[in-house]
Amino acid sequence: MPTWFSAFVAAAAITAVYFFCIRPMRKRNCAMTPGSSQDADLDRQIADLREELRVLRAEDSLESGRLPRRPAPPSSG
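Counting along the sequence shown from 1, when you hit position 46 you're at 47 in this note's numbering, and nothing is skipped either side.
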């Protein structure tokens, strides 16, 4: 394999790592970085879906005449 081809492959790998890993981490926009803005958006979506599920369960229990099931209390240990 020619030396220039090996150098080209190494330079392409370094460039790809910079653009897809290092650059997003420096902007704090990486999926691997804790506390990113994506986490807040995901937490909001999860809360919305949990609320929707709670409402749907309550509506179902009203239609069927059953009492809604309460979630289990959190374990203390």
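Each residue gets a CB set at the ideal place from its N, CA and C atoms; glycine is no exception.
Between which two residues does the alpha helix (DSSP H) holding residue i run?
| i | result |
| --- | --- |
| M2 | No alpha helix (DSSP H) contains M2, which DSSP labels as neither H nor E. |
| R29 | Segment: none, R29 is in no alpha helix (DSSP H) and carries neither H nor E. |
If you draw a straight line from the alpha carbon of residue i to that of residue j, how long is it in whole angstroms?
| i | j | result |
| --- | --- | --- |
| R27 | Y19 | 10 Å |
| Q46 | A11 | 41 Å |
| L50 | L63 | 20 Å |
| D44 | C22 | 24 Å |
| T16 | A48 | 39 Å |
| R58 | D40 | 27 Å |
| M2 | R24 | 31 Å |
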